[in-house]
Each structure stands twice: as structure tokens, then as C-alpha cells.
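Using the UniProt record's numbering, read the sequence shown as starting at 1 and increasing by one per residue.
Each residue gets a CB set at the ideal place from its N, CA and C atoms; glycine is no exception.
Remember, predicted model here, so these are calculated numbers, not experimental data.
Comments concern the structure below.
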Amino acid sequence: MWSDGGRARSVEGGSRTNVGHRFGRCGEIVDMGGCNRERERANGGTMNRSTNVLIFISFFFLSFTGNLNLVDAGDTASVILNSGNFEQLVMQSKDVWFVLFGAPWCPYVKSLKPEWDKASKALEGKVKFGEVDCDVENAIQARFGVTGFPTVFAFGPDKCAPPTGVTERTADTLEKASLSYYDKAQGCKMEF
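Shown next as C-alpha cells:
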């Protein structure tokens, strides 16, 4: 239920919180349970320093071979969002956006990523999908109060189309929730 004319709400752990005053757009947080950055820091992280150095050195040498292709752009329609393009692409857009907040090291984000890519390709042209790497984009993460990964925000053109919560990590569930949100948003009277 929308309260106080809010334009966004948060869903984390089953509770809904109005967060519209923080960013002035329609959006809903769906905390899909998973990695918690604060918990990881408190427990000393998942990897020690020597492991991180070894991984860095490996990627450094592999990058010179030209064979390291971490993302195949043909398999996804999801846009990489950063502080340089987030405001223009998402916040000033009249389109419906589903935005994934995560970190590449999180196993829950890694397991969601193939399903996210399938859903983004299936809904290309209707619903836009974007991703924020919270390890790099701390300002965007803080702006929306994201503390656990993966977290999905739904942004719409108007507050009259509240998003549906995503409870399963499958392309089918993401597609249904996105289309439901898209269909509701199309019937809204938009005043800009």
C-alpha cells in the first residue's frame, strides 16, 4: 500500500518501506536474500589477502592474451549502470526498468545472472534491465540503501503501478513480474 504519496517502496525481508522521498521516483526494492556486505566485512570477508592478490595477478596476465571475455554482450540486453549514466537512463526515463544491485563476488548474484540475462533478452523492447556493481558504484548503492545482494529495484514512469515482488530466481518469474509491472504502468496517466 502506498502511503504519503510515496513514489517508491522497499521490500526487504517481507516488510515494505516507503523510500520515495529519497530519490523521487517509483521503485521497489526486492531483497532476494543473499550476500550481506556488512556481514562479510564483520566475518573478515570470504577470501584472504593472498587469495585476492593471486586472483588479481591471474586476471592481469590473462587480460594480455585477448581471450578473456567475461561478458558476452549477445547473451543479455541488460545495461551496465554507473554514476555517469544512471540518472539519465533510469531516473529521467519514462520506461519501466528492473535494476539489479549486486557484487560480482556474491554467489547469489552469480546464480541469478544467467536467469537475469534470459529475462532481459526475452523482454527486450518492453522492459529495460540494468545492473549496478555495488563494489564500484558505492554512491548509487548508498542512495537506495542497498545492504544485501542481490537486490532488485523496479522503476516505473508513475506511482500508480506498484511492482510485484520477485520471490524466485528464475527467468520466468522475472519476466512475469516485469510484464505485470509494465502492463500496469501502460494504463497509468503520466503527468510530467
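Within a Cβ cutoff of 7 Å, which residues of the same chain sit near Ser120, ignoring the five residues on either side of it in sequence?
Thr76, Ala77, Ser78 and Phe129
Alpha carbon to alpha carbon, how far is Lys113 from Gln92?
26 Å
Among the candidates Asn138, Leu179, Ala177 and Phe155, whose CA atom is the shortest distance from the CA of Gly84?
Asn138
Specify, as a first and last residue, the run of the beta strand (DSSP E) that Asp133 falls within.
Lys128 to Asp133
Using a Cβ-Cβ cutoff of less than 6 Å, which residues in the same chain neighbour Phe86 once the five nearest sequence positions on both sides are dropped?
Ile140
Taking DSSP as the reference, what is the three-state secondary structure of Phe60?
Low confidence applies here, because Phe60 scores a pLDDT of 49, under 50, leaving its location unreliable; read the following figure in that light. Of the three classes helix, strand and coil, the one that applies to Phe60 here is helix, per DSSP.
Can you give me the C-alpha to C-alpha distance between Gly125 and Val90, rounded to a whole angstrom?
15 Å
Paired residues, beta bridge with Val136 - DSSP:
Paired residue(s): none; Val136 is not in a bridge.
Per DSSP, the bridge partner or partners of Leu81:
Here Leu81 is bridged, per DSSP, to Val132.
Please report the straight-line C-alpha distance between Tyr108 and Phe149, rounded to a whole angstrom.
7 Å
Could you pull the start and end residues of the alpha helix (DSSP H) that Leu112 belongs to?
Pro107 to Ala122
Assigned exposure category for Leu81 - 16 Cβ within 10 Å defines buried:
When all chains shown are included, Leu81 counts as buried.
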